[in-house]
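First comes the structure, then the notes that go with it.
2 protein chains.
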Amino acid sequence: MTLKQLAKKLNVSISTVSKALNDSHEISKDTIKRVKELAALYNYVPNKSALSLKQSKTKTIGVIVPNILNHFFAKALVGIEKEATKNGYQIIVCLSNESLKKEQDNIQWLTNGSVDGLIFAVAEETIVERESSHFKKLLDLNIPFVMFDRVLEDVKTDKVIINDTEAGYKATKSFINQGRKKIGLINCIDNLNVAKLRQTGYEKAIIETFGELNQKLILKTSINNIQDKIKMFLNENELDAILAIDNVTGVIAINIAKSLKFSIPKDISIIGFADSLIARYAYPTLTTLDSRPDLIGSTACKQLIHRLDSNQLDSTFPKLTVIDTKISSGGSF
Amino acid sequence: MTLKQLAKKLNVSISTVSKALNDSHEISKDTIKRVKELAALYNYVPNKSALSLKQSKTKTIGVIVPNILNHFFAKALVGIEKEATKNGYQIIVCLSNESLKKEQDNIQWLTNGSVDGLIFAVAEETIVERESSHFKKLLDLNIPFVMFDRVLEDVKTDKVIINDTEAGYKATKSFINQGRKKIGLINCIDNLNVAKLRQTGYEKAIIETFGELNQKLILKTSINNIQDKIKMFLNENELDAILAIDNVTGVIAINIAKSLKFSIPKDISIIGFADSLIARYAYPTLTTLDSRPDLIGSTACKQLIHRLDSNQLDSTFPKLTVIDTKISSGGSF
DNA sequence: GTGAAAGCGCTAACAA
DNA sequence: TTGTTAGCGCTTTCAC
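Here the protein sequences come in this chain order: A and B.
Those letters in the first sequence? Residues 46 to 378, by our numbering.
Those letters in the second sequence? Residues 46 to 378, by our numbering.
Structure (structure tokens):
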């Protein structure tokens with residue numbers, strides 16, 4: 046059902062129908078009523094493509110997620126979706142699978158007028174390769190975008206991140222306050238800046254307290270065979286605490302510690318960056334640093350929509366929002 | 046950059062540029078070359094809205110997911126996205142959050158010409174309320190759609206599901222073959238048809254073997270306080286096996302069994318419907334029935350695109366595809 | 001081999 | 001108060 050068809054049935058012009066449906070004061074109450082009734086009857090919905098073409102805005106936001114199976118990003122997406130829907134925006138979701146090439150393709154693909162703006166976390170490969178030209182192209186094209194969680198220093202745009210250094214520091218400090226002496230760190234996402242920052246926080250707390258860093262207590266590795274590596278790590282060091290800075294190894298570490306007959310938290314205390322859902326899979330449940338992905342997502346989305354709606358850059362650009370982590374102690378069965 | 050602007054710069058007409066870019070044989074090789082070069086120089090990309098409007102197709106698929114934090118749906122989305130991208134389609138993602146209202150809103154929202162077709166799993170509330178009028182409206186509007194995993198009997202459309210009865214049967218049989226005698230079932234998603242089917246498979250295997258069903262061995266409950274309930278369930282029955290038919294309680298059951306000093310799998314054997322990633326969070330890792338969400342997703346997407354591309358219904362409509370589950374024994378640390 | 005013109009569905013300036 | 005018209009960016013038929 047189109048305006049044209051409605052107009053014909055009502056014996057009025059297309060523009061009258063259009064104006065009536067948009068509650069124009071140019072149109073008589075009576076006509077408005079007639080038009081709206083017929084429109085409702087035929088379930089008329091204005092055509093999205095025509096609207097987008099006419100108004101040069103799509104009311105659509107592109108979201109590029111490195112890995113939707115990562116619970117952090119899934120939750121961030123929930124936050125983005127909620128905020129977008131609230132403001133009458135749809136979201137087009139692309140998955141970069143941590144690949145630079147796919148990320149570039151996605152951006153190319155989305156800059157054909159599909160979306161008014163973009164929200165994304167940078168793919169791991171992009172960070173490793175230090176490539177940012179595809180983002181700079183967005184700046185040239187004047188397409189607003191917001192980076193969240195994994196951001197690039199040299200791209201001048203709005204960003205939403207968590208206070209990773211602070212988080213690492215806080216977690217380590219909480220171990221120290223419990224009287225822990227040999228605090229290990231597991232880092233299997235060292236490519237990412239967030240990991241470096243969290244580790245920095247850890248190191249700061251350690252040095253502050255013990256005066257020096259024991260490199261042997263830092264397990265920097267890949268996720269392959271992580272089980273075996275953690276087992277060795279536990280066997281070779283008399284750890285009484287572990288900080289796992291990604292969002293799965295904490296749970297794995299707990300399970301391995303138990304298999305090695307450690308008593309938790311008596312012998313060893315473990316904190317992970319996992320969210321509470323994943324933490325629930327562990328027994329005893331893991332203490333976690335909640336990086337609040339849904340808040341990050343909704344904040345990023347809010348920021349983007351702000352840019353889109355106030356059609357020129359205000360003095361706050363580029364805006365960096367830092368979200369604080371929350372430490373939440375795991376419950377128990 | 047638009048065709049118009051390119052045409053002006055090249056001193057040719059808009060239609061010549063359009064044809065050149067589309068490799069029309071009407072246009073001379075030389076002109077094609079000139080046009081393409083300039084287009085490349087200015088990074089010309091055809092406007093999506095204009096294209097959609099003109100061709101009345103958007104090359105976009107709407108996906109409605111009940112809950113993206115559920116790993117099953119996240120994986121299904123990965124499958125959908127992969128297949129869509131492969132075929133030059135974008136996906137618009139909506140989350141129904143298991144709510145009927147949101148599902149209806151999403152569908153209303155997507156039928157404004159945003160998408161050529163839809164893929165979705167039905168929200169839990171929709172199943173409970175037995176509401177399907179919003180889907181029937183899609184049929185009226187002639188918008189192709191595919192339901193996956195959670196489907197509605199009375200809606201005549203393409204569907205992709207897993208063989209849930211068979212899965213429940215297979216899992217139970219594997220317990221029986223191990224010599225297990227008291228096989229419990231945990232069902233906290235009874236609202237969903239998939240749960241009923243899985244339970245049917247369980248019951249079939251039990252009756253076939255033992256002649257009768259012991260209702261006490263079936264824990265049908267909600268997810269609230271699931272830990273306590275499982276604890277009681279284990280304490281009150283001398284179970285030697287548990288089949289958990291949703292995708293998280295298997296892991297929880299393992300953790301609780303361990304806390305109750307059960308030896309796994311000696312004293313008790315546990316199978317869940319979780320996927321391998323979640324299963325990894327348990328120690329010893331859970332044996333799982335893989336319901337192959339990515340395959341389901343890509344199959345559903347393939348089926349939809351087939352309908353979209355062959356613009357009329359062929360004799361295979363409506364097509365029901367049944368995906369077999371795979372039983373995969375958990376590794377160990 | 002190239003261009004003019006119509007039209008996809010819509011809005012809005014302007015005319016009546 | 002209503003209608004006419006132009007135009008968003010594109011494809012495609014038809015004329016030249």
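Backbone N, C-alpha and C fix where the C-beta goes; we use that ideal spot for every residue, glycine too.
- Could you pull out every residue in the same chain whose Cβ sits closer than 6 Å to the Cβ of alanine 286 (chain B), ignoring the five residues on either side in sequence? Within the same chain, and ignoring the five residues on either side of alanine 286 (chain B) in sequence, the residues whose Cβ sits closer than 6 Å to its Cβ are Phe220, Arg225, Ile228 and Ser314.
- Message: So, with DSSP's three-state summary, where would you put asparagine 282 (chain A)?
- Response: Three-state DSSP puts asparagine 282 (chain A) in coil, outside helix and strand.
- Task: Identify the contact partners of isoleucine 113 (chain A) in chain B, using a Cβ-Cβ distance below 9 Å as the criterion.
- Result: Per Cβ cutoff of 9 Å: Ile113, Ala119, Lys120, Leu122, Val123 and Glu126.
- Task: Compare the C-alpha of aspartate 203 (chain B) against each of B:Asp194, B:Thr210 and B:Asp320 and name the closest.
- Result: It is B:Asp194.
- Task: At 7 Å on the CB atoms, spell out the chain A contacts of lysine 93 (chain B), in chain order.
- Result: Those are Asn157, Gly158 and Ser159, listed as they occur along chain A.
- Message: In this structure, how does DSSP classify alanine 319 (chain A) when only helix, strand and coil are distinguished?
- Response: Residue state, collapsed to three classes: coil.
- Message: With a threshold of 8 Å between beta-carbons, can glutamine 135 (chain B) be considered close to chain A, or not?
- Response: Glutamine 135 (chain B) has a beta carbon lying within less than 8 Å of a beta carbon in chain A.
- To the nearest angstrom, report how far apart isoleucine 251 (chain A) and phenylalanine 307 (chain A) are at their CA atoms. Note on geometry: alpha-carbon atoms of isoleucine 251 (chain A) and phenylalanine 307 (chain A) lie some 23 Å from one another.
- Quick one: which chain B residues come within Cβ less than 8 Å of leucine 242 (chain A)? Under the 8 Å cutoff, chain B gives no residues; its nearest Cβ is about 26 Å from leucine 242 (chain A).
- Query: In terms of residue numbering, what span does the beta strand (DSSP E) encompassing isoleucine 164 (chain A) cover?
  - Reply: In this chain, the beta strand (DSSP E) harbouring isoleucine 164 (chain A) covers 162-165.
- Task: Leaving aside the five residues before and after glutamine 149 (chain B) along the sequence, list all residues of the same chain whose C-beta is less than 7 Å from its C-beta, in chain order.
- Result: Here the set comprises His179.
- Beta-carbon gap between isoleucine 301 (chain A) and leucine 279 (chain A) smaller than 8 Å: Annotated as proximal: isoleucine 301 (chain A) and leucine 279 (chain A), with beta-carbon spacing under 8 Å.
- Query: By how many angstroms is the C-alpha of asparagine 92 (chain B) removed from the C-alpha of alanine 95 (chain A)?
  - Reply: In a straight line, the C-alpha of alanine 95 (chain A) is about 12 Å away from that of asparagine 92 (chain B).
- Could you tell me which residues DSSP puts in a beta bridge with serine 336 (chain B)? Listed as beta-bridge partners of serine 336 (chain B) by DSSP are no residues whatsoever.
- Task: Output yes or no for whether 8 Å exceeds the beta carbon distance between leucine 353 (chain A) and aspartate 75 (chain A).
- Result: Pairing leucine 353 (chain A) with aspartate 75 (chain A) gives a Cβ-Cβ distance that is not under 8 Å.
- Task: Output, in sequence order along the chain, the residues in the stretch 64-92 of chain A whose CB is closer than 9 Å to any CB in chain B.
- Result: Per Cβ criterion, the list reads Asn88, Val90, Pro91 and Asn92.
- Spatial distance of aspartate 273 (chain A) from serine 267 (chain A) (CA atoms): Approximately 12 Å between the Cα atoms of the pair.
- Those residues which DSSP pairs with methionine 192 (chain A) across a bridge: DSSP lists A:Phe165 and A:Lys204 as partners of methionine 192 (chain A).
- Residue of A:Glu71, A:Ile341, A:Cys139 and A:Lys81 minimising C-alpha distance to glycine 133 (chain B): When each option's Cα is compared against that of glycine 133 (chain B), the closest is A:Cys139.
- How about serine 177 (chain A): is its C-beta nearer than 8 Å to some C-beta of chain B? No - not a single Cβ of chain B is within 8 Å of the one on serine 177 (chain A).
- Message: Could you tell me the alpha carbon to alpha carbon distance between lysine 81 (chain A) and glycine 107 (chain B), rounded to whole angstroms?
- Response: Spanning the alpha carbons of lysine 81 (chain A) and glycine 107 (chain B) requires a straight line of approximately 27 Å.
- Of all Cβ atoms in chain B, is any one closer than 8 Å to the Cβ of threonine 294 (chain A)? For threonine 294 (chain A), the nearest beta carbon of chain B is not closer than 8 Å to its own beta carbon.
- Whose C-beta lies closer than 6 Å to the C-beta of leucine 48 (chain A) among residues of the same chain, with five residues either side of it excluded? Shown here for leucine 48 (chain A): same chain residues with a beta carbon closer than 6 Å to its own, the five before and five after excluded, namely Ile59, Val62 and Ser63 in chain order.
- Interfacial residues, the stretch 138-150 of chain A to chain B, with Cβ spacing under 9 Å: In summary, the residues of the stretch 138-150 of chain A whose CB is separated from some CB of chain B by less than 9 Å are Val138, Cys139, Leu140, Asn142, Lys147 and Asp150, in the order they occur in the chain.
- Query: DSSP state of glutamine 223 (chain B), grouped into three classes?
  - Reply: DSSP places glutamine 223 (chain B) in coil when its eight states are reduced to three.
- Message: Tell me which residue opens and which closes the beta strand (DSSP E) that threonine 366 (chain B) is part of.
- Response: Looking at the DSSP string, the run of the beta strand (DSSP E) that includes threonine 366 (chain B) is 365-368.
- Message: According to DSSP, asparagine 232 (chain A) sits in a beta bridge with which residue or residues?
- Response: According to DSSP, which records beta bridges pairwise, asparagine 232 (chain A) is partnered with A:Lys265.
- Query: Per DSSP, which one or two residues make a beta bridge with leucine 140 (chain B)?
  - Reply: DSSP output for leucine 140 (chain B) lists B:Val110 as bridge partner(s).
- According to DSSP, is glycine 376 (chain A) helix, strand or coil? Residue placement at glycine 376 (chain A) is poorly supported in this model, since its pLDDT is 45, which falls under 50; the coordinates still yield a value, given next. When secondary structure is reduced to three states using DSSP, glycine 376 (chain A) falls in the coil class, being assigned neither helix nor strand.
- Where do the N-terminal and C-terminal ends of the alpha helix (DSSP H) with glutamine 153 (chain A) fall, by residue? Here the alpha helix (DSSP H) through glutamine 153 (chain A) covers 145-155.
- Presumed contact (8 Å Cβ cut-off) between isoleucine 137 (chain B) and glutamate 126 (chain B), rounded CB distance: Contact annotation, isoleucine 137 (chain B) with glutamate 126 (chain B): C-beta distance approximately 11 Å; criterion of less than 8 Å not satisfied.
- Message: At the level of alpha carbons, what is the spacing between aspartate 320 (chain B) and histidine 116 (chain B)?
- Response: The C-alpha of aspartate 320 (chain B) lies about 8 Å from the C-alpha of histidine 116 (chain B).
- Task: For alanine 184 (chain A), go through chain B and note every residue whose CB falls closer than 7 Å to its CB, in chain order.
- Result: As written in the sequence, residue 184 (chain A) is leucine, which differs from the alanine given in the question. For the C-beta of leucine 184 (chain A), not a single chain B residue is nearer than 7 Å; the gap to the nearest is close to 13 Å.
- Query: Cβ of tyrosine 247 (chain A) less than 8 Å from any chain B Cβ?
  - Reply: By this cut-off, tyrosine 247 (chain A) is not an interface position.
- Query: Would tyrosine 214 (chain A) count as contacting chain B if we go by Cβ distances under 8 Å?
  - Reply: Closer than 8 Å: no.
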